[in-house]
Each structure stands twice: as C-alpha cells, then as structure tokens.
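There are 2 protein chains.
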Amino acid sequence: MTGAGTTGKRRAIQRGVGVALWRQIADDIRGGLAAGTLAGAEGRLPPEAALAERFGVNRHTVRAAIAALAHEGVLHPVHGRGTFARRQKRLVYPIGERTRFSTGLGSQARERHTDIFAGVQESASTEIAKALGLEAGSKVIRVEARGSADGVPVSRATSWFDAQRFPTIAEAYADAGSLSAALRKFGVEDYLRASTRIEARHADEADARDLRLSPGAVVIVTHAINVDMKGDPFQYSRTRFPADRVELVVESQGKTTVD
Amino acid sequence: MTGAGTTGKRRAIQRGVGVALWRQIADDIRGGLAAGTLAGAEGRLPPEAALAERFGVNRHTVRAAIAALAHEGVLHPVHGRGTFARRQKRLVYPIGERTRFSTGLGSQARERHTDIFAGVQESASTEIAKALGLEAGSKVIRVEARGSADGVPVSRATSWFDAQRFPTIAEAYADAGSLSAALRKFGVEDYLRASTRIEARHADEADARDLRLSPGAVVIVTHAINVDMKGDPFQYSRTRFPADRVELVVESQGKTTVD
DNA sequence: TCGAGTTGTATAGATCAATAGACAATGAAA
DNA sequence: TTTCATTGTCTATTGATCTATACAACTCGA
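Here the protein sequences come in this chain order: A and B.
Oh and the first sequence: position 238 is 1016 in this note's numbering, straight run, nothing missing.
Oh and the second sequence: position 25 is 803 in this note's numbering, straight run, nothing missing.
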C-alpha cells in the first residue's frame, strides 16, 4: 500500500445499480467514520478533490454526498478550512443475560441520556401476548424510549408490559430514568434477558425520523424478552439501532465476563 | 382495507433520496417475501399493475424492480401467467454457548450443505492474534466456508485457527463436512461460543459475489470466538449473513431453550 | 500582503430514472 | 373461439443525476 490513494479495503462504488453515486459515497464515508478508518485525529476529512479522485467521480458528486451527511449531522463543512466529522467510532452495546439498557454504554460517550415518551395502554397483539405469556387481547402498556449519546440518537425502543402487573410503569420509568429502578417499585428486584432475536434491514421512514437517519442507512432490530427471577416473562421490547453508530456484542457468561 | 390491497405495515417508498424507486421497490418486495407477507401460498406475486398502484409508481418502474429480482434469482416472471417467488421465509440462525454451524438450521430448509474452500496459512493480524491469544504475526490457518439452503447461499464464514495446534484443520473440516467432527481429530471434544459481536451494513462487492446479492442489500456480520473446555480460544471467525434470508436469535441458556 | 489550499456557486451538456400511453404476445378459462 | 388477465416491447417526454469547466469566497501560514 503506497500511502495516500487507496487507504483501505472498502467497497468500490458501483454504477448503474439503482443507487445514486452520491448516496453510495455518503454511506461509505459514514461507514469509514464509524470504523475509524477515515478522518485523522482532529476529525478532518480529506479535501473534496482528493475524495473525488479516490472514488473516481466528479467533485460535485462528492459534494452532494457531503451535503447529505451534513444535513444528517455527521459532517460539518467549513468554508475555506475543510470538512469535519462529529463522532468517530461505533458504540458497543452488550447483550447477554444481564443486559441493561442504561449500563453497558459506560464511558464510551461523553454525554448520554434516555427520553421516555409516556406509555399508552393497548390490546396485546398475538405476538406480544405470546411473548409475555398472556391471553391474546390482554391489556398491555406500551412504552417508547429513545437513547442518545452526545446528542445523537443511538437507540429507539418500544416495550410492552402486562398492564395488570405494571399499571404505572411508564410514569415510574420516566421518574426514575432507569428501568431497573422503576421495576423495583413493582417488586421486581432483579431480572434476566431470556432471548434476543436480531435482524437487520434498511431504515424506513419511521427510523429516519426517530433516529435521524438518511434513508439507505441500515438499522439493526432486536426483539428481546426479559424474565423475572422466577422465570416469568414481564417485558417484550423491540429496539432499533442505527448500524453505523452501534454494534452489538453477545457475551456468553461462564467464560468471558463472569460479572 | 379490503383484503388484498395493503397486506402489511411496510411500504412508503421515498422520492429524491438517492435511491432509485425501482431499487426501493425491489428491496421491499424481497423483504416482503422474506417476512412472508407478500405472495400467496402458490408463491405468486400480485400483478404488475396492482403493485404499481400499491407503490404509487408507473408500471414500468415496478417492472424494473422485478427484472432486478429475477436477475438475482428471487423471482421468475412468466409471460401471460404472472410472476412467481422462489423461497418465502427467513431462516433462523441460533446463537448461544452451544452455537454450531451445522446444526440449528435443522428442518427449516429442504436441502442444506456447506462448501469449504481449502485453507491457507498466513500471518495473524493483530486483531486475530488478540482474539486467539497468540503473538502478533503467528502463523494461522484461514478457512473459508459457505453455507447454502435449497441452493441459495445463506452464510459466508472466514475462520482462523492456530496453525501449530490445528495444522490440517482445513482438510479435516472438508473431509468430515462438520467442524465439530474435524475438531475431535485434534482432541477438542467439545467447545463453547465465548462471544459474538454483531454488526450490519450494506453488501459490498465481495458480499454480492459470495452470497449472490444485489448491491443495496443488507448483510449481518458476526465476529465470533470459540473456546475449548479449558476456556482457551481456538477459533476466531467472521461470518456474513444476507439479512433478508437469515435472522439471528440469541438464547441465554438456563431460561428458555435448555439445550 | 500574498499565495496555496480549501469550500461555495454557476452554467451547460450527457446520461439515467420515471412517467405516459399504446399495443403485441401469451396463457387460461368461459 | 372468444375473452380476459397478464407479461413483454416500443416511443416520447420530463426531471434527477453526473460530468466538465470556471471562478468566487474564505482561512491560514509564509
């Protein structure tokens, strides 16, 4: 490898595949930032002309890509100086028996918080009823939450709880700011993650809105069931993560993290 | 909504986002087939005119999407009769302490096999050396494998083994057809999955080639470490899954599936 | 102050993506 | 056979995307 030029192994952009070049370049730059292979320590991108040459396109095409990422909040170009990146590496989100939302992200971000949108009561769909071990049509409470790190959304969760057992879970969650604390008010001292189903897909309109993504981005979706210490499921949740800001790590205990 | 029409929750294609409408529609149809929400029991798609109306585009645009999927092998249109789908639902790939490649897919597919490409010896990168607990630059064996179900690729794995401990692992794997059997020849009677890191991204050119994907498709990538019963890591592997053919399920043992 | 390096703006032409409408060709059922 | 539903082909038009070239505006260090 001879210095500048190729810098990496990344994908070459492809013509005539139904994805505009500027979007492919935007996705590639975003990925490069997430992987940490682009942009120096000061977070400065190579100049537009260099990027244009690297990707084999006109400078205007690179500019269109940068404009999209700037609108997304990932880059911010400064007239006469250069284009700068906001965050660099992906957050690591651990998954295991002891998975907690609030912990785990630990010290990876400077600032981190969770917005909870008031829960609403609704009738359980068959899928949710089955996951929670309830009769189809039982009343459940749906709680919407969004996690952010350094002001950027990194997760968007929708959770369902049995309305009989946890009638005011949404308020308790919002007050306490943490699910574990809210659950203690209902006598759940501890709990385990029983199963997590993971899929990935393109961001749809809702994802683009909730996670501030541009369409074409990739989201990871997890479907999780938490059980109390008696083994009864009490929470079913679907969480969407932006794939270029977050990665998941599954730790089997007994080996690595013994806790 | 009366019967046919909307069928699902997905939809809403977006204009002016740098992704051609025909590609969004192609991705949506593929996803719909994977989720099983499109196409009736005989695997027949709604007619082009109906799809055009549903997506709010011209029939030619739908035709472009179908042409792409036909080229990909997902659909096959028949003059005068209709357009037919090949496979329907996603495979479920379990992940946990007892994760094995060969098992788990079980009876989900009619036919299933693994191609193993002869392993090559190479020097460990720092990442691989660290994962295997070796000195950087140690000799390791790289084994490439591809899993298929019903003739369609569903996984593409690259694994590394310590060359000292497993000098002929590639041949043993290829002969036995199963990793567990190959490992027994080297005295590894049993092993556990210690950790699995999961990320998702767009398919690159290599993915498109290896997994027969069209660009714009989504792949899930796992980075896994297997340890023997003494807790020593002996295998590091990266596996790529096409996200519309496979989903992952993490089962914490002790709760749901006990073995 | 000057010049090199950078991002911002403008204009024009070429190619791709999407629409519109019309009709041909095939398969299946009345 | 006739009719209908379906996929296949053709032509023309509009707008989005990409290229090419030029120059303006801004920052920073010599």
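Virtual Cβ for every residue (Gly too), placed ideally from N, Cα, C.
Computed from a predicted model, the values in this text were never measured in an experiment.
- Around the Cβ of Gln-942(A), a 10 Å sphere holds fewer than 16 other Cβ atoms; the residue is exposed.
- Rounded to the nearest whole angstrom, the CA to CA distance from Ala-927(B) to Gly-860(A) is 49 angstroms.
- Separation of Asp-982(B) and Gln-792(A) (C-alpha to C-alpha, rounded to the nearest whole angstrom) is 10 angstroms.
- Distance from the Cα of Asp-805(A) is smallest, within the candidate group Gly-821(A), Arg-822(A), Ala-828(A), Ala-842(A), for Ala-842(A).
- Scanning the region 791-872 of chain B from its first residue to its last, the whole beta strand (DSSP E) runs of 3-plus residues come out as 853-856, 860-863.
- Fewer than three beta-carbon pairs drawn from the region 1008-1015 of chain A and the region 902-920 of chain B are found closer than 8 angstroms, and the two stretches are therefore not classed as touching.
- For the 8 angstroms CB-CB criterion, Trp-800(B) and Ala-863(B) do not form a contact.
- Annotation: the continuous alpha helix (DSSP H) that includes Thr-904(B) extends over 904-910.
- Ile-844(A) has a beta carbon lying at 8 angstroms or more from every beta carbon in chain B.
- Arg-1016(A): not part of any alpha helix (DSSP H); member of the beta strand (DSSP E) spanning 1011-1020, first to last residue.
- Counting other Cβ atoms within 10 Å of its Cβ, Asp-968(B) stays below 16 and is therefore classed as exposed.
- In the structure shown, the three-state DSSP call for Glu-967(A) is coil.
- The three-state secondary structure of Glu-949(A), taken from DSSP, is helix.
- In the three-state reduction of the DSSP assignment, Ser-958(A) falls in the helix class.
- With respect to the 8 angstroms criterion, Arg-979(B) and Val-997(B) are classified as neighbours on the basis of their beta carbons.
- Judged by DSSP in its simplified three-state form, Arg-890(A) adopts strand.
- One thing to note: Val-898(A) has its Cβ within 8 angstroms of the Cβ of Arg-920(A).
- Distance from the CA of Ala-950(A) to the CA of Ala-959(A), rounded to the nearest whole angstrom, comes to 8 angstroms.
- Within the DSSP secondary-structure output, Val-1024(A) pairs in a beta bridge with Leu-869(A).
- Going by beta carbons, Phe-1019(A) and Ser-933(A) fall inside the 8 angstroms limit.
- Nearest C-alpha to Ser-937(A) among Gly-929(A), Ile-906(A), Gly-915(A), Lys-963(A): Ile-906(A).
- Taking the Cβ atoms as the reference, Glu-1029(B) lies roughly 5 angstroms from Ser-973(A), within the contact range of under 8 angstroms.
- By the beta-carbon neighbour count (other beta carbons within 10 angstroms, threshold 16), Pro-824(B) is buried.
- When Cβ-Cβ separations below 8 angstroms define contact, Ser-992(A) makes contact with chain B.
- The beta carbon of Pro-855(A) is closer than 7 angstroms to those of Ile-844, Ala-848, Thr-861 in its chain, skipping five residues each way along the sequence.
- Within its own chain, the residues whose Cβ lies closer than 6 angstroms to the Cβ of Lys-917(A), once the five positions on either side in sequence are excluded, are Gln-899, Ala-941, listed in chain order.
- Taking C-beta atoms as the reference points, Val-840(B) and Ile-803(B) count as a pair closer than 8 angstroms.
- Sequence-distant partners of Ile-807(B) (beyond 5 residues in either direction) whose C-beta falls short of 7 angstroms from its own C-beta, in its chain, are Leu-816, Ala-843, Leu-847.
- Rounded to the nearest angstrom, the Cβ distance from Glu-1025(A) to Arg-975(B) is 6 angstroms, consistent with a contact under 8 angstroms.
- DSSP places Ala-986(B) in no beta strand (DSSP E) but in the uninterrupted alpha helix (DSSP H) bounded by 983-988.
- With a threshold of 8 angstroms between beta carbons, Arg-890(A) makes no contact with chain B.
- Ala-896(A) places its beta carbon 8 angstroms or farther from that of Ala-935(A).
- Neighbours of Ser-956(B) in chain A, taken as residues at a C-beta separation under 8 angstroms, are lacking, since the least C-beta distance is about 21 angstroms.
- Per DSSP, reduced to three states, the secondary structure at Asp-940(B) is strand.
- The beta-carbon distance between Gly-874(A) and Arg-971(A), rounded to whole angstroms, is 7 angstroms. This is short enough to meet the 8 angstroms contact definition.
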